[in-house]
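Chemist: The structure is given below, and queries will be raised subsequently.
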Amino acid sequence: MLQSYEAIIENGQLQWLTDAPKVSKARVIVTILSDSEPKVLRRTPSASIAGKGRTLGDLVTSLVEEEDWDGIINWRSKDFTK
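Note that numbering that gives the first Met the number 0 has the sequence shown beginning at 0, numbered continuously upward.
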């Protein structure tokens, strides 16, 4: 039967984080967890596309008329899972 126990190994000494197993001899499988989470690398665009983007339209003016905002907000708040 397989049982799991948590412990910390420091300087070759085992310190149990839970109750120690009551065995005098056993075969074990050890999994070492890293101290920190792996760093997620941020994706960057290729240098070959630099300067090739274009702005289409006016960045200041909204695409939707202000009178239509309430309709859009109400539509987004609907629960479509029913």
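Ideal Cβ placement from N, Cα and C applies to all residues, glycine included.
#1: Of the choices I8, T17, Q12, A25, whose alpha-carbon is the least far from that of L1?
#2: CB-CB under 8 Å to W15, same chain, minus the five flanking residues each way: which ones, in chain order?
#3: With DSSP as the reference, label I31 as helix, strand or coil.
#4: Give me whichever residues DSSP pairs with A19 in a beta bridge.
Modeler: Looking at the coordinates:
#1: For L1, the nearest C-alpha among the options comes from A25.
#2: Residues Y4, E5, A6 of the same chain have their beta carbon placed closer than 8 Å to that of W15, with the five preceding and five following residues left out of the count.
#3: If DSSP states are grouped into helix, strand and coil, I31 belongs with coil.
#4: None, per the DSSP bridge assignment.
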